[in-house]
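Beneath this line is the structure, given in structure tokens, with notes to follow.
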Amino acid sequence: MRLAATIRNVVYPFASLREVMAKANSKKSGDDLAGISAKSAVERVAARAVLSGVTLETLRRNPVVPYEIDELTRLFEHSLDETAFKAVGHLTVGQFREWLLESETDGSKVRSISAGLTPEMAAAVCKLMSNMDLMTVAAKCQVVVRANTTLGLPGRLSSRLQPNHPTDDIAGILFSMREGLSYGCGDAVIGVNPATDTAESTAQILTAIDGVLKKNQIPTQHCVLSHVTVQMRALQLGCPMDLMFQSLSGSELGNKAFGISVALMDEAWEIMKEKGTARGPNCMYFETGQGSALSSAAHHGADQVTLEARCYGFARRYKPFLVNTVVGFIGPEYLEDGPQITRAGLEDHFMGKLLGLPMGCDACFTYHARMGQDELESLKVLLCAAGCSYLMSLPVGDDIMLNYQSTSYHDIPSIRRLLLKRPTPEFDAWMVERELWDYERNLPGRMFGRPEAIVS
Amino acid sequence: MSRTRQLVDRLREELGRSDPMPIAPPLPKIQEPPSRVFPRRHEGSRFARETAQHTTAMLGIGHVGTRYATDVVLQFQAELAVAHAAVDAVLPDDWAMSNGWIGLSSRVQNHREFLLRPDLGRRLADESLARWKQSGKHGVDVQPILADGLSAVACMQSGRALLESFTRACQARGLSVGVPVVARFARVWLEDEIGAAVGAKVAAILLGERPGLGTGDGLSAYLVYDPKIGNTDGQRNMMSNIHARGTRPEVAGDRLAVLARAMVDQRRSGVELDLSQLTQQLGDAASRAPRAPQVRERLVERQP
């Protein structure tokens, strides 16, 4: 296969499909850092031109990380749905983009071929799409999942309530959680990033949250985002746990740096299916983010969008209840500024949905990235217009433990009102019952924003 | 008449001919909203008072519709601006010299490159390395390094106090201390090359930490035994949140010297360093656990 394109009589040759994939990527500081990005805007288009002529079949035969050295590549190959693949394998990436955008291609058709796509295919078509293309296709893809509540139904927007505390002060966590609930946040999950990564601490936080949820009959899920092995030990201690969490990477080496493997996650899932306290069937929660593989030198020369898609390929094995990309968390060396973070958020949401995952997004920035509040608010609206399943929610968007800026308690009801969205049906009913929202006028209810509506 | 024309004509008829936006009726004088001040003073809600005992999260701030009150917006924007200003600050070229210290530079050329290329911030520029080998004191127990990191503001504000208290405390514990040096555009791992170049047993880099909302004046310290290129984070011990509202530089210097002494005695650092006998003296520096919450200051006051 000759990999070259001509623009204005200049020939742009590429040595490998991996190079084409990297150079076709929208500009990202992380790809510059890896030294694999296009040298100019024109070369980027040339790479896209080449990529648009490559078939999905060819992408399947050329994974960005070789089969022999990577268990994820082997997992993707062995678990691919051959019937679904047969329907699309012959298409070029350019043709596949057009098929996805066609009006006749609805969500159910996309769902029929989803399991036949390798992550590389999702990443490749992503590179040929503009931001609005990404939104248009993502909005077609419906992924509905169920734990205690039902997430991802049309016209719904959920949120993870994230009442983190720098010293795991239980009272501090619960105060924040009650306030968030009074704003209608937390219908996806009440999820705490613990400061102390121990089984005892994980069990203690879960038990405290569980108490408040039970006492107030709040239909949602809880989760403490410690390492998966810590959560497995916490389950042995006998604590409630609705969802089990883990961060994922896009290569075997990257996952090794996270202290996980396919075998370990298989084991965790089995334990969770047995001991998890949510009704299910979905009980896992994963987080990802462009750049994580490179940050542990585990990228194998591949670009960060493709590696991100591979995280989703890994995640879908476990039929998760939640997957979200923590899009601006990793820092400006991977996503430099507002436009790059915005683009990455829309890419990740699109790729995840295309691969059949209940995608949410932690739309966020660290304080050393070039992004401001207005740009972040815009990204949240774009994501939700594209059907993003859930966002985060914190007091004024400020994570006092992890020191970064995300979605606020006030943002969730604002976006719901703006885009005429509602929380999960179960949580929705609870909110009406507690007079937190007045749906007749679609305005805050009598108890909105009043934490005393939730007893501790 | 065409079908389309007929259709449009009928629509016009249905929609009427009147002005679609008639003048809005006048309102009586709007009542002034209640005063909403951040942070809630003592007269605020019980919830706000109770939360303040347990967390610095901005809770009990109320809402206007579904959005923030004006005073909350100003507080938030001020906190954000302070954090961004700290990141944007650059250590002046001559800052080290004007303080009587040796100034070194990483391989980074400018501020943007500093943010985008952490790899370059972890290595010394050739000229700096050569000069440092000449001017540094070789074979010391502890090589202190003051650096900008992600907040030159913090470095310039409390860097001197921390460096001096750390040096004194090390000497009081019988440790020999190298020539103080300031590194510009520096990442944590730069301590490996600087320490290795003079054969120090322990390298200690004191640098501005990544600002959080409303902060930007915090220093962190990272200590490593046997500094050499290729050391990982697991081999370092760290202490964060060193500033007037967190751990004061004078206190931090002492605790860091306890760490350095332990490293020299045990000939190791990081996860392998046994600190079980030293927890009393170490305070915050004893564990890898995170810092306690700090007080959230009101940043904006309008002149009456």
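Residue numbers (my numbering), protein chains in the order written: chain A, 13 to 468; chain B, 1065 to 1368. From the three backbone atoms N, C-alpha and C, an ideal C-beta is built for every residue, glycine too.
Residue-level contact to chain B via CB, residue i, 8 angstroms cutoff
i                 : result
His312 of chain A : no
Phe439 of chain A : no
Arg434 of chain A : no
Ala425 of chain A : This sequence places Pro at residue 425 of chain A; Ala is not what is there. So, interface residue.
Asp410 of chain A : yes
Phe341 of chain A : no
Glu345 of chain A : yes
Ala305 of chain A : no
Pro407 of chain A : yes
Asp93 of chain A  : no
Ala50 of chain A  : no
Tyr379 of chain A : yes
Beta-carbon proximity of residue i to residue j, cut-off 8 angstroms
i                  : j                  : result
Thr214 of chain A  : Ala246 of chain A  : yes
Phe270 of chain A  : Ser263 of chain A  : no
Ser41 of chain A   : Leu347 of chain A  : yes
Glu1273 of chain B : Gly1282 of chain B : yes
Val274 of chain A  : His234 of chain A  : no
Val524 of chain A  : Thr18 of chain A   : The structure shown does not extend to residue 524 of chain A, since chain A is modelled only from 13 through 468, so no value can be given for it.
Ala375 of chain A  : Leu395 of chain A  : yes
Val1245 of chain B : Val1266 of chain B : no
Gln1345 of chain B : Ala1268 of chain B : no
Ala1261 of chain B : Trp1165 of chain B : no
Gly313 of chain A  : Ile81 of chain A   : no
Tyr402 of chain A  : Ser170 of chain A  : yes
Ile427 of chain A  : Ser405 of chain A  : no
Gly128 of chain A  : Gln174 of chain A  : no
Ser304 of chain A  : Ser261 of chain A  : yes
Arg1251 of chain B : Ser1169 of chain B : no
Ala59 of chain A   : Ala36 of chain A   : yes
Thr436 of chain A  : Leu163 of chain A  : yes
Met244 of chain A  : Ile283 of chain A  : yes
Tyr297 of chain A  : Phe257 of chain A  : yes
Val100 of chain A  : Leu68 of chain A   : yes
Gly301 of chain A  : Ile342 of chain A  : yes
Arg355 of chain A  : Asn21 of chain A   : no
Cutoff 7 angstroms; reference residue i; Cβ partners in own chain excluding five residues on either side
i                  : result
Val467 of chain A  : Lys227, Asn228
Ala1353 of chain B : With a pLDDT of 49 at Ala1353 of chain B, under the threshold of 50, the modelled position of that residue is not reliable, and the figure given next carries that caveat. Once the five neighbours on either side are set aside, Ala1353 of chain B has no close Cβ partner at all.
Arg291 of chain A  : Ala159, Asn160
Proximity winner among the options, relative to residue i (alpha-carbon distances)
i                  : options                                    : result
Leu319 of chain A  : A:Leu84, A:Ile283, A:Gly101                : A:Leu84
Ala61 of chain A   : A:Pro25, A:Arg73, A:Leu455                 : A:Pro25
Val1335 of chain B : B:Ala1225, B:Arg1319, B:Asn1301, B:Pro1368 : B:Asn1301
Val1204 of chain B : B:Glu1228, B:Gly1242, B:Ala1189            : B:Gly1242
Leu1323 of chain B : B:Ser1340, B:His1307, B:Ala1308, B:Arg1309 : B:Ser1340
Lys1201 of chain B : B:Arg1181, B:Ala1145, B:Ser1240            : B:Ser1240
Gly368 of chain A  : A:Ala46, A:Asp93, A:Asp44                  : A:Asp93
Phe1140 of chain B : A:His177, A:Arg462, A:Asp450, A:Gln385     : A:Gln385
Ala1370 of chain B : B:Ala1216, B:Ile1094, B:Lys1292, B:Ile1087 : In the structure as shown, chain B starts at 1065 and stops at 1368, and residue 1370 of chain B therefore has no counterpart that could be examined.
Pro1182 of chain B : B:Val1172, B:Asp1190, B:Glu1191, B:Ala1189 : B:Val1172
Met208 of chain A  : A:Asp199, A:Ala220, A:His177               : The question names Met, yet the displayed sequence has Thr at residue 208 of chain A. Selected option, being the one with the closest Cα: A:His177.
Ser1284 of chain B : B:Pro1084, B:Asp1158, B:Leu1214            : B:Leu1214
Cβ of residue i within 8 angstroms of any chain A Cβ
i                  : result
Arg1274 of chain B : yes
Phe1182 of chain B : A small fix is needed here, since residue 1182 of chain B is Pro in this sequence, not Phe. Yes, Pro1182 of chain B lies at the interface with chain A (some Cβ there is under 8 angstroms from its Cβ).
Phe1127 of chain B : Note that residue 1127 of chain B is His in the sequence shown here, rather than Phe. At least one chain A Cβ lies under 8 angstroms of His1127 of chain B.
Leu1214 of chain B : yes
His1175 of chain B : no
Met1220 of chain B : no
Met1302 of chain B : no
Val1101 of chain B : no
Tyr1286 of chain B : no
Phe1111 of chain B : yes
Phe1249 of chain B : no
Val1172 of chain B : no
Contacts around residue i, its chain only, beta-carbon distance under 6 angstroms, and the 5 residues preceding and following it disregarded
i                 : result
Leu431 of chain A : Cys396
Close Cβ partners of residue i (< 8 angstroms) along its chain, the five nearest in sequence each way excluded
i                  : result
Arg1360 of chain B : Pro1103, Thr1120, Met1122, Gly1278
Lys287 of chain A  : Leu247, Met253
ask   = Can you find at least 3 beta carbon pairs, one from the segment 331-343 of chain A and one from the segment 116-133 of chain A, that sit closer than 8 angstroms?
value = no
ask   = Contact between the segment 1221-1237 of chain B and the segment 1287-1304 of chain B: three or more CB pairs below 8 angstroms?
value = no
inquiry  = If contact is defined by three or more beta carbon pairs under 8 angstroms, each pair taking one atom from either stretch, is the segment 51-70 of chain A in contact with the segment 155-164 of chain A?
reply    = Touching, no.
inquiry  = Pairs of beta-carbons, one from the segment 131-151 of chain A and one from the segment 177-195 of chain A, closer than 8 angstroms: are there three or more?
reply    = no
ask   = If we count Cβ pairs, one from each stretch, closer than 8 angstroms, do we get three or more for the segment 71-78 of chain A versus the segment 130-147 of chain A?
value = Flag = yes, the segment 71-78 of chain A and the segment 130-147 of chain A touch.
task = Report yes or no: do the segment 407-422 of chain A and the segment 379-393 of chain A share at least 3 C-beta pairs separated by less than 8 angstroms?
result = yes
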